[in-house]
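First comes the structure, then the notes that go with it.
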Amino acid sequence: MTSVYRTSGAGTSGDADAFVLELPSDLRVIEQTISYLVNRCQAFDYSGSRLTLNFRVGVTEALANAMLYGNDRDPSKLVHVAVNVDEHCVVVQVSDEGLGFDPDSVADPTRPENLERVGGRGLFLIKELMDEVDYGGRGNSVRLVLYREAPARRASGE
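Per the numbering used here, the sequence shown runs over residues 17 to 174.
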């Protein structure tokens with residue numbers, strides 16, 4: 017284990033793996049962290065584009081948002097990442113030490129007036145790539161769920 021992050025938790029028990037990472041608010045640790053998380057998921061036979069695309073991009077965006085916007089790149093603030101992996105799904109809770117925000121107040125990047133705006137696509141990507149996304153209480157925590165098998169998507173308007 018490197019000094020980039022600290023872990024705690026029981027580790028792999030055969031049917032589940034739960035642990036917590038504490039990351040500095042430094043974008044340079046994201047790739048190493050994602051590789052570590054992917055390896056832990058692969059121990060449960062996760063593979064394919066759901067892991068290499070959906071999981072990688074969704075969690076990368078959540079970590080970057082926590083570091084850049086939540087913690088305002090403050091090196092004294094940590095990003096807390098609680099992970100639970102089992103044979104059915106991966107749950108990643110990303111929390112920062114910032115003031116939080118209202119995710120409903122973020123402009124929809126797919127609307128015509130927002131198409132040329134710089135930024136604002138991270139939350140959209142997370143929502144599109146992960147199976148469940150839930151912003152906790154004061155808006156400084158997001159819970160991401162990715163099921164091993166993609167659930168059937170409901171048609172628009174349902």
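Here a beta-carbon is modelled for each residue, glycine too, at the ideal position from N, C-alpha and C. As the structure is a prediction and not an experimental result, all values here were calculated from the model.
The Cβ neighbour count for T68, taken over all protein chains shown within 10 Å, is under 16; the residue is labelled exposed.
A residue is called buried when at least 16 other Cβ atoms come within 10 angstroms of its Cβ; R164 meets this threshold and is buried. Put simply, the backbone Cα of V95 is about 27 angstroms away from that of R133. Collapsing the DSSP output to three states places Y52 in a helix. The residue from L37, G86, S63 and P91 with its alpha-carbon nearest to that of R154 is G86. Taking the Cβ atoms as the reference, G116 lies roughly 31 angstroms from N55, outside the contact range of under 8 angstroms. Secondary structure in the region 103-153: the alpha helix (DSSP H) runs of 4 residues or longer, each lying completely within the stretch, are 138-145 in chain order. The C-beta distance from L53 to V99 rounds to 7 angstroms, short enough to fall under 8 angstroms.
Taken through DSSP and simplified to helix, strand or coil, R44 comes out as helix.
Shortest Cα-Cα distance from D31 to any of E47, C57 and Q48 involves C57.
Here S65 carries a helix assignment [DSSP, helix/strand/coil]. Per DSSP, R72 is one residue of the alpha helix (DSSP H) stretching across R72 to N81.
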